[in-house]
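Working notes for the structure below.
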Amino acid sequence: MVEIKELNQDQIKVLLTLGDPSEFFRGFHTTAGVRGVPYKKIQEKSGLTLEKVLLSLGWLEATNYVDHDVAIVRKTLDYLGQTNIEVAGQSVLRMFYLTEKGKKILSSLEKAGSE
150 MVEIKELNQD QIKVLLTLGD PSEFFRGFHT TAGVRGVPYK KIQEKSGLTL
200 EKVLLSLGWL EATNYVDHDV AIVRKTLDYL GQTNIEVAGQ SVLRMFYLTE
250 KGKKILSSLE KAGSE
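For any residue, its number in my numbering is found by taking its place in the sequence shown, counting from 1, and adding 149.
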């Protein structure tokens, strides 16, 4: 298991962002069966650059602290105010979330921060 001291500050910020449950429900349908936070939300919340977020997510995923699901973003068009037409498969998002191992290290981080 990776010790907390082996995590850099960017990785810790990403873990803390993923540990915030309010981020999971902002702007996404909660019953769609997809869990997680897109990297852009992680970037906004953590204040890190795109490069730092992606590097941190890559390392955290390689060490099994973070995993991802894939979500398809669908566009809904309003056709002359009469009908909503859903256009499928507009884009795909990776939605990152903490694994059980990631939740354990996050609780260790939170305990260390409160001491």
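Positions of the beta carbon are idealized from the N, C-alpha and C atoms, including for glycine.
Fair warning: this is a prediction, and the values are worked out from it, not measured in the lab.
Cβ shell of residue i (< 8 angstroms), same chain only, five flanking positions each side left out
i: residue 209; result: 160, 163, 164, 215 and 251
i: residue 248; result: 213, 214, 215 and 216
i: residue 102; result: Residue coverage of the chain in this structure runs from 150 to 264, which leaves residue 102 outside it and unanswerable.
i: residue 241; result: 219, 220, 221 and 222
Local conformation of residue i per DSSP, three classes
i: residue 169; result: coil
i: residue 214; result: coil
i: residue 156; result: coil
Host alpha helix (DSSP H) of residue i (start-end)
i: residue 207; result: 199-211
The ligand ZN heavy atom lying under 7 angstroms from the CB of residue i
i: residue 239; result: Ligands are entirely absent from the displayed structure, and the ligand ZN is therefore not among its contents.
Nonlocal neighbours in the same chain, by C-beta distance under 7 angstroms from residue i, ignoring five residues either side
i: residue 261; result: 153
i: residue 201; result: 159
i: residue 197; result: 159 and 162
Own chain residues within Cβ distance below 6 angstroms of residue i, not counting five before or after
i: residue 166; result: 191, 194 and 195
i: residue 253; result: none
is_contact[residue i, chain B] using C-beta, thresh 8 angstroms
i: residue 255; result: The chain labelled as chain B is not found in the depicted structure, where only one protein chain is given.
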